[in-house]
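Engineer: I have a structure here, written as structure tokens, and I will follow up with some questions on it.
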Amino acid sequence: MTTIKSVDFNKIPKGWFVIGKSSLIKKGNVKTIHYFDQEFVIYRGKNREITILTPHCVHLGAHLGDGVIVNNCLRCPFHGWEYNSQGQVIKIPFTNTIPRRARKKTLPNKEINGFIFVYFTHDNEPPIPFPIVSFLNQPHWKYSHVRESIIDASIYSISENLGDKAHFPVVHDTFVSHAQLDSFITEENNNLKAKLSVSTKKGFCWRAQNIEITLKTLGGISAAISQFHLFSFPSTSVHALIFITPIDSTSLLMTKIVAVENKKNNFLNFLYNFITSRVIWQTIIEDSSIWEKRIVLDHPVLSSDDGPIIPLRKWMAQFYPLKK
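Shown next as structure tokens:
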């Protein structure tokens, strides 16, 4: 049984992760990428499908990032061995006999709404359910602000914010005066859902008010979506979707999407999107100074008002590898 004591929160968890926009790789191109403290090769075949595999040829170790696309396969630059989208060698130029072990590990991937998702795990178990973000396909939601940034932090430090209500009025004291965690439950496909009530201070572009925020994880701890009513002139709903993808154990790619309820008024759509994006990015900047230097304590000293830190860790433990 997986427990808090048995897992290593300093390692990279399993889950679905965004490695970039679809424009990251064009048809017929090959590129080397670095995520999950490993190197991978990504290519897009003539059929426009993406394949991601480990970087060195099983033959004599040439780097496949220097290979070329032949139809929908990747050809090694050294001896011309050709790998298909399942990582299987299907052609060797100088022989008709293909060794049984001539195959490479590939990462499951999906391309949805202009983003590339990959599934990473430390073992060979099947992927957990793919996260569905329904609002990205609905016309009454308008999203145009997408920002990608490299953050010096572990994915664990960011994920623990979900249950840490006590940090809001301290770290985000420029606009938060009080935060209360109203509920904290596990939903379908073992996603986590939390509801918070936040009291804001009077400030530029917003008035002092109470905001109800719903936070929900998607497909592990790599993605979280929040829905809230941030403004009251006029009232509107806002979605903020954040994907966090480990580059290694101490840095990650953060992809942030802000979507607003379409007011059928381009100026209001722009205004809400612009202001919301700035507020959310400001909170990330404020958190980053903490994330960069904090460590994970096995036995933290907690107060009764910290929020569900331990229940959150118990839920997160299922995604992390066991300690060796």
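Going by the numbering used here, the sequence shown wraps up at 310, each residue one higher than the last. Don't be surprised by glycine CBs; every beta carbon is placed ideally from N, CA and C.
Are there 16 or more other CB atoms within 10 angstroms of the CB of S289, so buried, or fewer, so exposed?
Structural biologist: Reading the sequence shown from its first residue, position 303 is the one you call residue 289. By the 10 Å Cβ count, S289 comes out exposed.
Engineer: Go ahead and label E35 buried or exposed: buried means 16 or more other beta carbons lie within 10 angstroms of its beta carbon, across all protein chains shown.
Structural biologist: Residue numbering aside, residue 35 sits at position 49 when the sequence shown is read from its first letter. So E35 ends up on the exposed side.
Engineer: Check the DSSP bridge columns for L178 and list the partner residues they point to.
Structural biologist: One-based indexing of the sequence shown puts residue 178 at position 192. According to DSSP, which records beta bridges pairwise, L178 is partnered with T172.
Engineer: Heavy atom of the ligand MN less than 8 Å from the Cβ of K309, yes or no?
Structural biologist: The model depicted lacks the ligand MN and carries no ligand whatsoever.
Engineer: Ends of the beta strand (DSSP E) at R299?
Structural biologist: Here residue 299 refers to the residue found at position 313 of the sequence shown. No beta strand (DSSP E) holds R299; the alpha helix (DSSP H) holding it covers 295 to 302.
Engineer: Shortest alpha-carbon distance to R30 belongs to which of T83, F22, A303, L39?
Structural biologist: Translated into the one-based positions of the sequence shown, residue 30 becomes position 44. The shortest Cα separation from R30 among T83, F22, A303, L39 belongs to L39.
Engineer: If you run the structure through DSSP and keep just helix, strand and coil, what is T262?
Structural biologist: Locating residue 262 in the sequence shown gives position 276, counting from the first residue. Three-state result, T262: helix.
Engineer: So does the stretch 141 to 158 actually touch the stretch 271 to 278, counting three or more Cβ pairs closer than 8 Å?
Structural biologist: Enough Cβ pairs lie closer than 8 Å, so yes.
Engineer: Give the single residue among Y306, D291, S71 whose Cα lies nearest to the Cα of T90.
Structural biologist: The sequence position of residue 90 within the sequence shown is 104, counting from 1. Here residue 90 turns out to be Lys, not Thr, going by the sequence shown. Selected option, being the one with the closest Cα: S71.
Engineer: According to DSSP, is T269 helix, strand or coil?
Structural biologist: The residue you call residue 269 lines up with position 283 of the sequence shown. Residue state, collapsed to three classes: helix.
Engineer: State buried or exposed for F229, treating a residue as buried only when at least 16 other CB atoms are found within 10 Å of its CB.
Structural biologist: Looking up residue 229 in the sequence shown gives position 243. F229 should be labelled buried.
Engineer: Classify N252 as buried or exposed, calling it buried when 16 or more other Cβ atoms lie within 10 Å of its own Cβ.
Structural biologist: For the purposes of this step, residue 252 is identified with residue 266 of the sequence shown, where counting begins at 1. Label assigned to N252: exposed.
Engineer: Please report the Cβ distance between L201 and L148, rounded to the nearest whole angstrom; I am assuming they are in contact, meaning their Cβ atoms lie under 8 Å.
Structural biologist: As a first step, residue 201 must be located in the sequence shown, where it is residue number 215. As a first step, residue 148 must be located in the sequence shown, where it is residue number 162. About 6 Å separates the two Cβ atoms, so the contact holds.
Engineer: Measure the C-alpha to C-alpha separation of S237 and T81 and round it to an integer number of angstroms.
Structural biologist: Within the sequence shown, the letter at position 251 stands for residue 237. Within the sequence shown, the letter at position 95 stands for residue 81. If I take the Cα positions, the gap works out to 44 Å.
Engineer: Closest to P85 by CA distance: which of I102, P115, V44 is it?
Structural biologist: By one-based count along the sequence shown, residue 85 stands at place 99. Nearest C-alpha to P85: V44.
Engineer: What number of angstroms, rounded off, separates the C-alpha of T18 from the C-alpha of H49?
Structural biologist: Taking the sequence shown and counting its residues from 1, the one referred to as residue 18 is at position 32. Taking the sequence shown and counting its residues from 1, the one referred to as residue 49 is at position 63. Rounded to whole angstroms, T18 to H49 spans 9 Å at the Cα level.
Engineer: Let's see if you can read the secondary structure: which residues bound the beta strand (DSSP E) around F106?
Structural biologist: Here the question's residue 106 lines up with position 120 in the sequence shown. Residues 101 to 106.
Engineer: If you draw a straight line from the alpha carbon of F106 to that of K0, how long is it in whole angstroms?
Structural biologist: The sequence position of residue 106 within the sequence shown is 120, counting from 1. The sequence position of residue 0 within the sequence shown is 14, counting from 1. Approximately 5 Å between the Cα atoms of the pair.
Engineer: Could you pull out every residue in the same chain whose Cβ sits closer than 8 Å to the Cβ of N33, ignoring the five residues on either side in sequence?
Structural biologist: Residue 33 sits at position 47 when you count from the first residue of the sequence shown. These residues qualify, in order along the chain: N58.
Engineer: Whose C-alpha, out of R61, T83, H65, is nearest the C-alpha of G73?
Structural biologist: The residue labelled residue 73 in the question sits at position 87 within the sequence shown. Here the closest residue by C-alpha is R61.
Engineer: Helix or strand or just coil, what does DSSP make of S185?
Structural biologist: For the purposes of this step, residue 185 is identified with residue 199 of the sequence shown, where counting begins at 1. Of the three classes helix, strand and coil, the one that applies to S185 here is strand, per DSSP.
Engineer: Between which two residues does the beta strand (DSSP E) harbouring P85 extend?
Structural biologist: The residue labelled residue 85 in the question sits at position 99 within the sequence shown. That residue, P85, is in no beta strand (DSSP E); it is neither H nor E in DSSP.
Engineer: Measure the C-alpha to C-alpha separation of T83 and I55 and round it to an integer number of angstroms.
Structural biologist: Position 97 of the sequence shown, counted from the start, is the residue given in the question as residue 83. Position 69 of the sequence shown, counted from the start, is the residue given in the question as residue 55. Going from the Cα of T83 to the Cα of I55 covers about 22 Å.
Engineer: Roughly how many angstroms lie between the CA atoms of S235 and L10, to the nearest whole one?
Structural biologist: As a position in the sequence shown, residue 235 is number 249, starting the count at 1. As a position in the sequence shown, residue 10 is number 24, starting the count at 1. Straight-line Cα distance between these residues: approximately 23 Å.
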